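What follows is a short report on a single structure.
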Amino acid sequence: MVDVLVIGGGNAALCAALTAREAGASVMVLEAAPKLWRGGNSAHTRNLRCMHEAPQDVLVDAYPEEEFWQDLLKVTGGLTNEKLARLVIRDSSVCRPWMRSHGVHFQPSLSGALHTARTNAFFMGGGKALINAYYRSAERLGIKIRYESPVERLEIHNGQFMAAHVGNERITARSCVLAAGGFESNRDWLREAWGVNERGESPSDNFLIRGTRFNQGLLLRHLLQDHGADAIGDPTQAHMVAIDARAPLYDGGICTRIDCVSLGVVVNSEAKRFYDEGEDFWPKRYAIWGRLVAQQPGQIGYSIIDAKAIGRFMPPVFPGVKADTLPDLARQLGLDESTFMQTLNDYNQACRPGTFDHTALDDCHTEGVSPAKTHWARPIDTAPFYAYALRPGVTFTYLGLKTDETAAVRFADVPSPNLYVAGEMMAGNVLGKGYTAGVGMSIGTTFGRLAGAEAARAALKQGEHHAAA
Amino acid sequence: MQQLETLIEDAKQLASGALGASQATDEVARQLAICNACRYCEGFCAVFPAMTRRLEFKPADIHYMANLCHNCGACLHACQYAPPHEFAVNVPQAMAAVRGETYVSYAWPSAMGQLYKRNGLTVALALAFGLALFLVLALASNGTLWGGHAQGNFYKLFPHNFLVLMFAPVFLWMALALAVGVMRFMRDVSPTTTAVRAEVRDAVEATHNVMTLKYLDGGHGEGCHNEDDAYTLSRRRAHHLTFYGFMLCFAATSLATIYHYAFGWEAPYDLPSVPKLLGVLGGVSLLLGSAGLFRLKWSRHPQHGDASQKPMDYGFIALLFLTSATGLALWLGRGSDALALLLALHLGVVMALFLTMPYGKFAHGIFRSAALLRFAVEKRQPSTLALGDE
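Heads up: the sequence lines are chains W and U, in that order.
Going by my numbering, the first sequence opens with residue 59, and the numbers climb by one from there.
Going by my numbering, the second sequence opens with residue 809, and the numbers climb by one from there.
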């Protein structure tokens, strides 16, 4: 029997496995995906949000605890647990030497992401390089790794973990860490959570999943339904951004983002605008546009720009629909031409002259049109015109298991003595809603390490009892 | 007939000065559109910083970037879009395919470019042994092939002037062919790399990057990939041994030439003379390095590089190995009956090495150095893009 069983194969799972192994426990990792798809959503990540009091290798200036906490408070609208959030923030300032010792390399902010140079430490090569490093380290340390091993159910007696079932196999362990991700890839569950809207649509049928297809949430549902584990979060809350509608159903990752929203207008399938495209810098707004598009008929939007915007935003992965006139663009998009022209003409006439600067909150705004565009509003009048269709892209869901500062799974508000949780399965404790770049990896790393240490301690204590008996 | 037509078509295209798009460049352009929207690999090498200066990838951009790529494998193993992902991104492989095409299209004379496609292990070895056999027969015909006639002095077997007559044209041909090739490369890629002329500091930077194989360090110093996702410095080290070994051998020969003409000191030299010291050191280094490169290539991850170019790589590695092996054997066997035979073998191998140089793997060093020079120039110029922050 192994000491610690880790269920999951992404960042949080490996942080738990490595930490438990370092504490002297024998460890087995059960990853649902085959080796080539290992790592879950972590393989799509690129950085870690880090608190630091002074410049630190790849991080400039300082990002003190209080500022990090205020940022988190703002994006979650208070739907967070201050004690757990501060635990994450403090650990984010000390975890990187440990990460390096397991082969992770850091680099300064990437071009096109300079706004995060102060707050986020980037993984050289991105999350897959980090995952590869952790797996190599795990193999070196003698951690047993099994791929294609999705866990169907657990045996839990009075809150105590006994065994996990993979197919017909029963795997026992002294303690267990759950780090198997959210349920965002489970179309049925999404449909159930999002229900049917006032138009009779199942909005989630039009959602694209930015990450792994293996986050089916079967274990999460099993824990919540069959074992009555304490839950946290709302099943409709997720990190959701507006991405290119042509992105693959799964694993589109970062490259499917569309960054030109703030440079033009966005219309829905009725050819009407529905939100202030220039409310704030795109990095501060992209995470609300997924929900905005999800609320539109058919869950689709069209970002419209003209030639003036070209070269002012990160290149999209697929070429835009291109036209020499706006009516032609409307026709190519299959939008009602007269409504589209009405929307565009109203907007164009509402643009007030200003000094355009896409690197600042400039004074180009509209007057007398609703919704207003408060920055970067310039008439869309210079051919060629381009359009990018947008769909909601789900990164991860926030419904999870309630936990505390020991990372224990809780049943009827009583912490389990040997079952722990980390990563997306508990991120909702810290992130009730909203998102800020890199915080998912901070939560995964902190709680992964914490869960690994606690699981090792619980397992080794049990081992002593057995030895004594 | 088909081949002849291809040759004519290629020649026409070159004559018109246009290095157009191909299936291979289209594939790189497809992949770079994905990379440019992701950019996670920016820290690994020069290719990705060059990419972020561009929104479009025209054939000339791709020829330039393909020759910047060292095929280190870092971006493949780190890629969230690598196969089995449907985007099927494998930048080192796509770049290698284009690189192969650029070698063919820049080759001078153009028709000889087709040799790249056939310059495999078999050709290299056949050429080496064919030339050696020719020399063996020549020696046999005047009865000096076996025995101690020469008493360690190979000028008694092949007079110095004969050797000069044999090697000087081959060497000059090689230098000329490569020089024209690199000029064609520069003409193709300079306009797309800001067209600014290189300065001394660019040359210094590029030379440093070439001599240290900077872009095989992974960006973090732990090296590149070989058989899996782990970093290793073995390829960089084996390449260093090979490259510096070759240069030491070259220095030994050059110095010996100076000794011969300037001072009238004739070969053979023995230890502890400087040419011999350089030659032995270089020979051993080249032997170890080329053996290492062979072993690494043999165990390389199957998704690295362009499999169709492997025979060319092996051909070059084999000739380098045999050059050092026969050279060292010649030195060790200088007093034996086999001297003449060993000499013929060594000369045959060296001749084959130089003959195949402009149309084989050796060219990668020349084109990559040129690409690194353009990279040094380009990176100094401000980017024309203002993409803001995503």
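Glycine included, each C-beta is placed from N, C-alpha and C at the ideal position.
Computed from a prediction, not measured in an experiment: that's the story for all the values here.
Report the rounded CA-to-CA distance for residue i versus residue j, giving the unit in angstroms.
| i | j | result |
| --- | --- | --- |
| Gly-521 (chain W) | Gln-218 (chain W) | 15 Å |
| Ile-368 (chain W) | Asn-844 (chain U) | 15 Å |
| Ser-824 (chain U) | Thr-174 (chain W) | At Ser-824 (chain U) the pLDDT is 45, less than 50, meaning the model places this residue with poor confidence; the figure from the coordinates comes in the next sentence. Answer to the nearest angstrom: the Cα atoms are 48 Å apart. |
| Trp-340 (chain W) | Thr-1015 (chain U) | 41 Å |
| Thr-1000 (chain U) | Asp-869 (chain U) | 6 Å |
| Leu-1086 (chain U) | Leu-88 (chain W) | 57 Å |
| Phe-1174 (chain U) | Leu-953 (chain U) | Going by the sequence as given, residue 1174 (chain U) is Ile instead of Phe. The straight-line gap from Cα to Cα measures roughly 38 Å. |
| Leu-1101 (chain U) | Leu-350 (chain W) | 56 Å |
| Ser-361 (chain W) | Ala-447 (chain W) | 6 Å |
| Arg-1103 (chain U) | Met-873 (chain U) | 27 Å |
| Glu-123 (chain W) | Leu-131 (chain W) | 12 Å |
| Cys-853 (chain U) | Glu-1035 (chain U) | 19 Å |
| Gly-451 (chain W) | Arg-1043 (chain U) | 41 Å |
| Asn-139 (chain W) | His-1028 (chain U) | 37 Å |
| Cys-877 (chain U) | Gln-888 (chain U) | 19 Å |
| Val-990 (chain U) | Tyr-121 (chain W) | 50 Å |
| Gln-353 (chain W) | Phe-398 (chain W) | 19 Å |
| Leu-384 (chain W) | Phe-443 (chain W) | 7 Å |
| Tyr-1167 (chain U) | Ala-905 (chain U) | 16 Å |
| Ser-262 (chain W) | Ser-150 (chain W) | 34 Å |
| Val-1092 (chain U) | Pro-155 (chain W) | 41 Å |
| Gly-426 (chain W) | Cys-846 (chain U) | 38 Å |
| Phe-979 (chain U) | Ala-936 (chain U) | 16 Å |
| Ala-305 (chain W) | Tyr-914 (chain U) | 38 Å |
| Phe-856 (chain U) | Cys-849 (chain U) | 7 Å |
| Trp-127 (chain W) | Leu-142 (chain W) | 11 Å |
| Thr-910 (chain U) | His-871 (chain U) | 7 Å |
Quick check on this structure: which residue in the options has the alpha carbon closest to the alpha carbon of residue i?
| i | options | result |
| --- | --- | --- |
| Met-484 (chain W) | W:Ala-71, W:Val-60 and W:Tyr-121 | W:Ala-71 |
| Cys-228 (chain W) | W:Phe-241, W:Gly-348, W:Glu-213 and W:Thr-177 | The sequence shown places Arg at residue 228 (chain W), rather than the Cys named in the question. Comparing Cα positions, the closest option is W:Glu-213. |
| Gly-322 (chain W) | W:Cys-422, W:Asp-284, W:His-297 and W:Ala-287 | W:Cys-422 |
| Asp-284 (chain W) | W:Leu-106, W:Lys-460 and W:Arg-211 | W:Arg-211 |
| Pro-208 (chain W) | W:Gly-67, W:Ala-251 and W:Arg-198 | W:Gly-67 |
| Ala-90 (chain W) | W:Val-116, W:Leu-277, W:Ser-474 and W:Met-399 | W:Leu-277 |
| Gln-1111 (chain U) | U:Gly-881, U:Ser-1177 and U:Pro-1080 | U:Gly-881 |
| Arg-245 (chain W) | W:Ala-470, W:Tyr-493, W:Lys-141 and W:Thr-455 | W:Thr-455 |
| Thr-1040 (chain U) | U:Thr-833, U:Leu-1024 and U:Leu-947 | U:Leu-1024 |
| Pro-1099 (chain U) | U:Leu-1161, U:Lys-1084 and U:Ala-1046 | The sequence given here places Ala at residue 1099 (chain U); Pro does not occur at that position. Answer by Cα proximity: U:Ala-1046. |
| Asp-1078 (chain U) | U:Leu-1138, U:Lys-1022, U:Cys-1032 and U:Lys-1118 | U:Leu-1138 |
| Ile-301 (chain W) | W:Thr-270, W:Ala-345, W:Arg-331 and W:Gly-97 | W:Ala-345 |
Determine the chain U residues that contact residue i at a beta-carbon separation under 7 Å, and present them in chain order.
| i | result |
| --- | --- |
| Gln-114 (chain W) | In chain order: nothing, as chain U lies at least about 17 Å away. |
| Lys-186 (chain W) | Ala-886, Cys-887 and Gln-888 |
| Leu-94 (chain W) | Pro-892 |
Going by the CB atoms, is the gap between residue j and residue i shorter than 8 Å?
| i | j | result |
| --- | --- | --- |
| Asn-69 (chain W) | Gly-496 (chain W) | no |
| Gly-851 (chain U) | Asp-1114 (chain U) | no |
| Asn-326 (chain W) | Gly-359 (chain W) | yes |
| Val-235 (chain W) | Ile-65 (chain W) | yes |
| Arg-232 (chain W) | Asp-61 (chain W) | yes |
State buried or exposed for residue i, treating a residue as buried only when at least 16 other CB atoms are found within 10 Å of its CB.
| i | result |
| --- | --- |
| Ala-976 (chain U) | exposed |
| Ser-949 (chain U) | exposed |
| Ile-1066 (chain U) | exposed |
| Val-899 (chain U) | buried |
| Gln-390 (chain W) | exposed |
| Gly-1072 (chain U) | exposed |
| Glu-1198 (chain U) | Because the pLDDT at Glu-1198 (chain U) is just 46, under 50, the model does not fix this residue reliably, and the point stays unresolved. |
| Asn-969 (chain U) | exposed |
| Gly-225 (chain W) | exposed |
| Pro-92 (chain W) | exposed |
| Leu-1140 (chain U) | exposed |
| Arg-107 (chain W) | buried |
| Tyr-1069 (chain U) | exposed |
Give me the chain W residues within the contact set of residue i, using Cβ-Cβ distance strictly less than 7 Å, ordered along the chain.
| i | result |
| --- | --- |
| His-1028 (chain U) | His-163 and Met-182 |
| Cys-880 (chain U) | The contacting residues do not exist; Cys-880 (chain U) stays about 11 Å from chain W at best. |
| Asp-1025 (chain U) | In chain order: nothing, as chain W lies at least about 11 Å away. |
For residue i, would you say it is in contact with chain C, using Cβ-to-Cβ distances shorter than 8 Å as the test?
| i | result |
| --- | --- |
| Cys-313 (chain W) | Looking for chain C here will not work: the only protein chains present are W and U. |
Run down chain U in chain order and give the residues with a C-beta less than 9 Å from the C-beta of residue i.
| i | result |
| --- | --- |
| Ala-101 (chain W) | Gln-888 |
| Asp-309 (chain W) | Gln-888, Tyr-889, His-893, Glu-894 and Phe-895 |
| Pro-306 (chain W) | His-893, Glu-894 and Phe-895 |
Identify the contact partners of residue i in chain W, using a Cβ-Cβ distance below 9 Å as the criterion.
| i | result |
| --- | --- |
| Ile-842 (chain U) | Cys-313 and Val-375 |
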